[in-house]
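Number of protein chains: 2
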Amino acid sequence: MPTIRDVAKRANVGIATVSRVLNSSPSVSDETRNAVLAAIEELDFTPNPIARQLSTGRTSTIGVILPYLTMPSYVERLRGVQHALAETDYHMVLFSVGKPSERDAYIKDLPRNNLVDGILIISLPPDDSQAERLANADIPTVLVDAYHEKLCCILTDDVKGGKLATQHLIDLGHRRIAFLSEPLETPFHPSTKYRYQGYRQALLENDIPFRSEYVISETRGRFKAKKMAKKLLGLPEPPTAIFAGNDTLAIGILDRAKDLKIKVPKELSVIGFDGIRDAEYTNLTTIDQNLFESGVEGVHMLLKALEAAPSTPCERRLSLDLIRRKTTKKVKV
Amino acid sequence: MPTIRDVAKRANVGIATVSRVLNSSPSVSDETRNAVLAAIEELDFTPNPIARQLSTGRTSTIGVILPYLTMPSYVERLRGVQHALAETDYHMVLFSVGKPSERDAYIKDLPRNNLVDGILIISLPPDDSQAERLANADIPTVLVDAYHEKLCCILTDDVKGGKLATQHLIDLGHRRIAFLSEPLETPFHPSTKYRYQGYRQALLENDIPFRSEYVISETRGRFKAKKMAKKLLGLPEPPTAIFAGNDTLAIGILDRAKDLKIKVPKELSVIGFDGIRDAEYTNLTTIDQNLFESGVEGVHMLLKALEAAPSTPCERRLSLDLIRRKTTKKVKV
DNA sequence: TACTTCTCTGGAACCGGTTCCAATTAAAGA
DNA sequence: TCTTTAATTGGAACCGGTTCCAGAGAAGTA
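Top to bottom, those sequences are chains L and Y. For the first sequence, our numbering begins at 1 and goes up steadily by one. For the second sequence, our numbering begins at 334 and goes up steadily by one.
Put into structure tokens, the structure is as follows:
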């Protein structure tokens, strides 16, 4: 592999000049520039990015820490990140997290080891000491779908979203509203819990008594949702509407309803949460939390922070949009 | 940031000794080792990986080139890669490709610029000159779901899979078998075309006349599949079975059948291809091409190549498994 | 005791870029 | 004609590790 010194020798110039040509510095005469370019061409020279990285201290790489791609929402966010990053010169290193210990290890090491210029953490809220560490590092960090007062973040208000979903059902006249979700307590992001809080708040504000038999929260995945939906729909007084903690679960409920020949939305209203692609295909009414956009915005915020570190943590709240499709309807009286 | 020299000074040893401690070389006395470790602790020193990379020429990083995560099969393969890589010390840099020009750029630059120790290319077959370049680079490359004689690869035999799927339907007594798929000609991987070839071959071998009205191949996504299924099922002599080019399309067909009150599998058999998770949930009979495993195996092959470059391209063919679920059945006579 | 061998250790060179700083030359101004 | 100034250029130091090689002691051997 030829180096910058080989090029310099060949072009009869100094190494500094070659470097200047590589970095398109204006203070090189056309004549020398051409000579250097010719030498580069002849030697088929490519600058070694690692050497540049060591020298400049910049890596042109951003690190993305996110959970294993087990949920469509993570994938959709990652897609947004990729999309936004494709238009820059930054590379992306992926650190995917299966257990809390992995998360902690990445969050601990990444800010210190000069491997990346910036960090994007998706759907993994750091604890106070981690946030402290991240905030004090000289590498900027942006949280996507997570909040900490010390850090920049792209936020989704899950409580509000849960309220919005529930209120939509209430506005349609429903009173028997069930909530079906993944476990409320997770090692990672507590978004489900927040959505549940929104559900409770909406009930409270509308003077609708809470019924514990209407809440099932140990439901992982579409298949399980289908199973659990049966339980809900088999109650002596079954709900007329179900708010699912995410779209995948909602689709599972739709599956079951079809099997049970329960007409949606005529006999049962179903609303999801997330706004993944499948929700569109299945005509699911849902709360769209703009997943793709969250990734894009996360990158933009990080790029801004890379240019000039913000004096105070910036915060951007993404909109939550109720998308009315064909799975919710006025309750029949 | 403290450097190795700061540590050396603090511990009253030479920098070489500190380096030896960092790399757990055996030829350091316990006494000096402890002194160095103490100094490292006191200074909160972390070695700079970039400097190490420059010095050793190794980056502990592998580059993954793959299409944008628009299809579940890509995500599933990537998951496999992540899973296998998590058990190693390698990092993963993701290069995702939306247009052929991006693919070409990555394949051109990545092998030369010392940024990664190895390259994994997923579902993007290189042309001859690219393969040549990759084969001659001193960085090993492994193709996953793509073939080139000059390169190591993890293979799926799409023709065979297409045949397998079609033969399954034929064995069940079907004669009117449709094929619904994404476009046959794509800028990237021609797997759909191969599956189609398998379909044609199976028909031929069983003396079943080919009918062009049974082939619809411009179908992108579940939603479009639903639309196109209507067209197929509305034919004067509709097919009794449909082979879908991938699971997502098959699920779209199931949606439509439900809407049209066509009973699956009693009145219509449907088989997919891929073996994504949704296929399990929907009880779809499919050809499982072991997507997750392809990612895992790709990493293993690459790791092996990193240890010792294989003298001749190695090749591993993944099994294709017919998973009989509840969407195919003997045709009613 | 003298010599060899082995165990540890430190210095300096190296990886391949960037960049500060001083030097050279040409153009401009007095 | 003599400065002053601007435009180019090259050398050397630097980024922060690894590693070759030589040297100092300690231990083993004749």
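Note that beta-carbon positions come from the ideal geometry of N, C-alpha and C, so glycine has one too.
Out of the options, which has the shortest C-alpha to C-alpha gap to residue i?
i, options, result
"R568(Y)", "R553(Y), I586(Y), E546(Y) and S550(Y)", "The sequence as given places Leu at residue 568(Y); Arg does not occur at that position. The shortest Cα separation from L568(Y) among R553(Y), I586(Y), E546(Y) and S550(Y) belongs to E546(Y)."
"A250(L)", "T285(L), L260(L) and K266(L)", "T285(L)"
"F512(Y)", "N447(Y), E518(Y) and L565(Y)", "L565(Y)"
"N616(Y)", "Y532(Y), K659(Y) and L639(Y)", "K659(Y)"
"K441(Y)", "A470(Y), A590(Y) and L601(Y)", "A470(Y)"
"E41(L)", "T56(L), P2(L), I15(L) and T59(L)", "P2(L)"
"T561(Y)", "P523(Y), P516(Y) and R366(Y)", "A quick correction: the sequence has Met, not Thr, at residue 561(Y). For M561(Y), the nearest C-alpha among the options comes from P516(Y)."
"T192(L)", "T219(L), S19(L), Y68(L) and K330(L)", "T219(L)"
"K266(L)", "A35(L), L291(L) and K330(L)", "K330(L)"
"I50(L)", "R528(Y), G390(Y), L370(Y) and D377(Y)", "G390(Y)"
"L155(L)", "H189(L), S129(L) and L172(L)", "H189(L)"
"G272(L)", "I262(L), K261(L) and F243(L)", "F243(L)"
"V215(L)", "Q130(L), N206(L), E205(L) and A241(L)", "A241(L)"
"E420(Y)", "R650(Y), L636(Y) and L376(Y)", "L636(Y)"
"H507(Y)", "L601(Y), F556(Y), K559(Y) and T403(Y)", "L601(Y)"
"T365(Y)", "F378(Y), K342(Y), N381(Y) and S550(Y)", "K342(Y)"
Could you please give me the residues that DSSP links to residue i through a beta bridge?
i, result
"V270(L)", "I242(L)"
"F179(L)", "V215(L) and F243(L)"
"P400(Y)", "V430(Y)"
"D654(Y)", "D621(Y)"
"E648(Y)", "C486(Y)"
"H91(L)", "T61(L)"
"T474(Y)", "I452(Y)"
Can you pull the chain L residues whose beta carbon is under 9 Å from the beta carbon of residue i, in chain order?
i, result
"P382(Y)", "N113, N114 and L115"
"K591(Y)", "K258"
"T392(Y)", "I50"
"R412(Y)", "Y68, L69, T70 and S96"
Kindly list the residues whose CB is nearer than 8 Å to the CB of residue i, restricted to its own chain and excluding five residues on each side of it in sequence; keep chain order.
i, result
"G628(Y)", "E409, R410, L411, R412, G413, V414, Q415, H416, A417, I455 and V477"
"A135(L)", "T141, K150, L151 and P313"
"L306(L)", "D117, G118 and P140"
"T394(Y)", "Y423, H424, M425, V426, L448, V449 and D450"
Which same chain residues, not among the five before or five after residue i, have their C-beta less than 7 Å away from its C-beta?
i, result
"L322(L)", "L164, H168 and I287"
"P643(Y)", "C485"
"Q530(Y)", "V492 and G495"
"R200(L)", "F210"
"P126(L)", "I107, L134 and H148"
"V36(L)", "V7, A11, V13, T17, V18 and V21"
"E626(Y)", "G413 and L651"
"V361(Y)", "T350, R353 and V354"
"A464(Y)", "H481, K483 and L484"
Give the interface partners of residue i over in chain L, defined as CB-CB distance under 8 Å, in chain order.
i, result
"Y614(Y)", "G221, R222, F223, K226, G252 and D255"
"T379(Y)", "D109, R112 and N113"
Along chain L, which residues have their Cβ under 7 Å away from the Cβ of residue i?
i, result
"Q386(Y)", "I50"
Name, please, each residue of chain Y whose Cβ falls closer than 8 Å to the Cβ of residue i.
i, result
"Q82(L)", "Y401, L402, L427 and S429"
For residue i, go through chain Y and note every residue whose CB falls closer than 7 Å to its CB, in chain order.
i, result
"A75(L)", "A small correction: the amino acid at residue 75(L) is Val; Ala does not occupy that position in the sequence shown. Those are L402 and V408, listed as they occur along chain Y."
"H91(L)", "V426"
So residue i and residue j are supposed to be a Cβ contact under 8 Å. How far apart are they, rounded?
i, j, result
"G275(L)", "S181(L)", "Going by Cβ atoms, the distance from G275(L) to S181(L) rounds to 16 Å, so no, they are not a contact pair."
"K230(L)", "R256(L)", "6 Å"
"G221(L)", "T248(L)", "7 Å"
"A39(L)", "V64(L)", "Contact doesn't hold; Cβ gap of about 38 Å is too wide."
"L453(Y)", "G631(Y)", "5 Å"
"L537(Y)", "T499(Y)", "The Cβ separation is near 10 Å, so there is no contact."
"N113(L)", "I170(L)", "That belief does not hold up - the Cβ atoms of N113(L) and I170(L) are roughly 51 Å apart, past 8 Å."
"R509(Y)", "P572(Y)", "4 Å"
"L457(Y)", "A479(Y)", "6 Å"
"F556(Y)", "Y194(L)", "The pair is not a contact, with the Cβ atoms about 31 Å apart (cut-off 8 Å)."
I'd like the list of long-range same chain contacts for residue i, defined as Cβ closer than 6 Å, with 5 residues on each side in sequence excluded.
i, result
"V97(L)", "P67 and R103"
"I337(Y)", "I348 and V351"
"E315(L)", "C153"
How about residue i: is its Cβ closer than 7 Å to a heavy atom in the ligand SAH?
i, result
"T365(Y)", "Ligands in the displayed structure: none, and consequently the ligand SAH is not present."
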